[in-house]
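Peer 1: If you scroll down you'll find the structure; I have some questions about it.
Residue numbers (the numbering used here): 289 to 363.
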């Protein structure tokens with residue numbers, strides 16, 4: 289799959305609605321305010337992932353949920 293550059297990606301209204309759903313679910317699951325620093329970081333990451341070509345809603349949900357889980361000590 290060829291890499292796309294963020295300048296090549298338009299975010300259309302239906303894309304924005306999908307990204308908003310993912311963002312709201314993430315904030316609800318992590319119990320963070322949508323105005324928090326944590327939420328701003330998640331929103332930034334979400335846009336970056338989308339611009340990198342990840343456009344599947346379930347995949348975006350999964351990536352954000354995995355990155356918000358605390359690390360577990362191997363043992």
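By construction, the Cβ of each residue, glycine as well, lies at the ideal position given by its N, Cα and C atoms. Just so you know, these numbers come straight off a predicted model, no measurement behind them.
1. Check this for me: beta carbons of residue 325 and residue 356, under 7 Å apart or not?
2. Relative to the C-alpha of residue 327, which candidate in 337, 335, 315 has its C-alpha closest?
3. Please name the residue, chosen from 323, 344, 321, 311, that lies closest to residue 333 on a Cα-to-Cα basis.
4. Can you tell which of 309, 322, 341, 330 has the C-alpha that lies nearest to the C-alpha of residue 298?
5. Can you tell me the Cα-Cα spacing of residue 344 and residue 307, whole angstroms?
Peer 2: In this structure, then:
1. no
2. 315
3. 311
4. Comparing Cα-Cα distances from residue 298 to each of 309, 322, 341, 330, the minimum goes to 341.
5. 10 Å
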